[in-house]
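One structure is given here, and the rest of the page talks about it.
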Amino acid sequence: MLTSNITSSIEVLKSTLDNRLVRFMLKRFTGKCEKDGARRLRVALELFAGIRKRACYMCSHVVRPLVEWAIVKGGEAFGVSEDELKRRFSDAYWCTGLTNVVLGIAKFGVRKPFVPGAPFLVVWDYTYACNLRCKHCYASAGVPLEDEMSLDEKLKAAESLADAGVTAVAFSGGEPLVRKDVFRVMGELKEHGVFVAIATNGTLITREMARRIKEAGVGFVQISLDGSVAEVHDDFRGITGAYERTIQGIRNCVEEGLFVEVSTTATKTNYGEIGKIADLCEELGVKWYMIFNFVPTGRGRFIIENDLTPEEREELLTYLWRRMHSRKKVEYLSTAPQFARVALQQEGEAGVMKIPGHFYNPELYGQLKSLGGFIGGCGAGRMYAALKPNGALQPCVFMPLTIGNLRDDSFEELWDIHPVFETLRDRSKLKENCRSCPYRDYCGGCRARAYSYFGEITAPDPGCIRNKEFFEVIKRN
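When you read off a place in the sequence shown, starting at 1, and then add 22, the result is the number in my numbering.
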């Protein structure tokens, strides 16, 4: 049984790593080495993997033995051999990610759902300037914010994210490709071992732009497509001709050999289009097809009547699950955290092994994919965070709740101690029916939808079939 295996693994981690002495020692090593400025944990892991040969006495003779012991024990807990760990750690992105895991244990202990030392993913709305006018845009994008960060401030923010141990940064917007300096900031992150992705409407991706994206080392390209035909997509996107340019952008990225995910925001407008868009994804040769939850925020607040009913969402997630088994060309995903519950119900507990969370990147998705309950569904403020163009930090791009601002605040301090983040990490604080749900550790409900509908981050997610009574109350009002 997967749950019992995960529980046993977590118990092993708890018994070996989640004790006061080990956590105290690990936390002592979260700082930077005076010799080269790298985080001591990272130096120790590079020594362990054999990709670093020399380090200061503290890193090589004090930090390394303890960290190596902790990593090997953790690997044993999840069935990963020492040789495999060394091979994995030789990859810069995996090293960043696993440094993050150890950092999380040092800071927060072994929690379920797990809290890493820094977000696995930060979605950075690089600008709100945009060449489209999408009806459902959470950012109400179109023109840039008056107080958008300067390039120097963006580079400083990038360094802050990297220093905190963020594993991946996805550039979004607005449309990030309207800003030429985005590649400069991407390069800064890459130099620090941070995985870089981009979320775009695809209309600006010519063959030359696709080549530039690849040369910049972007590992993941997400392109939005909300209809299988121009009539539906262009109506959604607010600009005639967007569909053809988006399709060509997808083709250009695929032909350039980039890892491409197509994403669709599911509403009543395009609910009947999902299967056709999935067919189109297979035809285009993309790797992943992602269904985004519609969240009534930003410009989307004004089309709240187009939200799917709980029954429609359940039907859609079940359809995606079944399609994932019958079609092997494309991986099907959803930001709806209920997808994990559907997997459990459709195929038993082994089902969650096949669902990568939407905050993963393809470099890291692999050894850790079996930790469904450990990863824990909605990752807002726990696995990922969002950064606005003016430096404001939020738990999620769909949750307009400002935590602080990187112009003035330390990202790491905000991540470590802010009470909003701590509330989002504690599932016992959820209100019913989410609190008592047997799938709470796998799902937790979409916290952004709860906040958008009820103004509370701990409220029930009205999109879930188990909370349909709340959706019916909203509909009546």
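From the three backbone atoms N, C-alpha and C, an ideal C-beta is built for every residue, glycine too.
C-beta contact flag for residue i and residue j at 9 Å
i: residue 369; j: residue 311; result: no
i: residue 357; j: residue 158; result: no
i: residue 149; j: residue 210; result: no
i: residue 52; j: residue 61; result: yes
i: residue 201; j: residue 223; result: no
i: residue 483; j: residue 456; result: yes
i: residue 66; j: residue 45; result: no
i: residue 234; j: residue 277; result: no
i: residue 447; j: residue 462; result: no
i: residue 249; j: residue 313; result: no
i: residue 436; j: residue 415; result: yes
i: residue 48; j: residue 128; result: yes
i: residue 125; j: residue 173; result: no
i: residue 189; j: residue 239; result: no
i: residue 151; j: residue 195; result: yes
i: residue 167; j: residue 489; result: no
i: residue 243; j: residue 217; result: no
i: residue 303; j: residue 227; result: no
i: residue 333; j: residue 487; result: yes
i: residue 366; j: residue 355; result: no
i: residue 81; j: residue 57; result: yes
i: residue 142; j: residue 401; result: yes
i: residue 293; j: residue 339; result: no
i: residue 163; j: residue 207; result: no
i: residue 283; j: residue 254; result: no
Residue interval of the alpha helix (DSSP H) (run including residue i)
i: residue 421; result: Neither: residue 421 is in no alpha helix (DSSP H) and is coded neither H nor E.
i: residue 433; result: 433-439
i: residue 208; result: 204-213
i: residue 365; result: 360-369
i: residue 336; result: 332-348
i: residue 473; result: 469-476
Candidates the options, of which the one nearest residue i by Cα
i: residue 285; options: 62, 468 and 268; result: 268
i: residue 193; options: 167, 169, 245 and 156; result: 245
i: residue 479; options: 443, 359, 489 and 190; result: 443
i: residue 135; options: 398, 363 and 459; result: 398
i: residue 307; options: 486, 349 and 331; result: 349
i: residue 466; options: 454, 476, 339 and 477; result: 454
i: residue 451; options: 83, 469, 438 and 434; result: 469
i: residue 319; options: 419, 489 and 175; result: 419
i: residue 205; options: 365, 195 and 237; result: 237
i: residue 460; options: 405, 101, 183 and 364; result: 364
i: residue 477; options: 317, 401 and 309; result: 317
i: residue 427; options: 152, 332 and 176; result: 176
i: residue 212; options: 225, 187 and 165; result: 187
i: residue 336; options: 494, 409, 485 and 403; result: 485
i: residue 475; options: 362, 493, 253 and 303; result: 493
i: residue 183; options: 409, 83 and 251; result: 409
i: residue 433; options: 411, 407 and 445; result: 407
i: residue 139; options: 241, 123 and 107; result: 123
i: residue 131; options: 92, 458, 107 and 280; result: 92
i: residue 144; options: 405, 440 and 425; result: 405
i: residue 111; options: 80, 69, 181 and 343; result: 69
i: residue 117; options: 471, 331, 71 and 97; result: 71
i: residue 261; options: 81, 155 and 142; result: 155
i: residue 160; options: 339, 491, 326 and 279; result: 326
i: residue 497; options: 347, 328 and 344; result: 328
i: residue 153; options: 263, 178 and 203; result: 263
i: residue 199; options: 162, 137, 271 and 185; result: 271
i: residue 359; options: 255, 471 and 294; result: 471
i: residue 147; options: 439, 104 and 421; result: 421
i: residue 84; options: 55, 252 and 101; result: 55
Segment limits, beta strand (DSSP E) that includes residue i
i: residue 195; result: 190-195
i: residue 217; result: 217-222
i: residue 230; result: Here residue 230 belongs to no beta strand (DSSP E); instead the alpha helix (DSSP H) covers 229-237.
For residue i, the residue or residues it bridges with in DSSP
i: residue 414; result: 427
i: residue 409; result: 146 and 415
i: residue 353; result: 310
i: residue 243; result: 220 and 282
i: residue 402; result: 406
Checklist entry - Unbroken alpha helix (DSSP H) runs of length 4 or more, entirely within the stretch 100-173: which are they? => result 104-111 and 114-130
Checklist entry - What alpha helix (DSSP H) runs, 4 residues minimum, are completely inside the stretch 41-101? => result 42-50, 62-71 and 86-99
Checklist entry - Going along the chain, which unbroken runs of the beta strand (DSSP E) with 3 or more residues stay wholly within the stretch 255-325? => result 282-287 and 310-314
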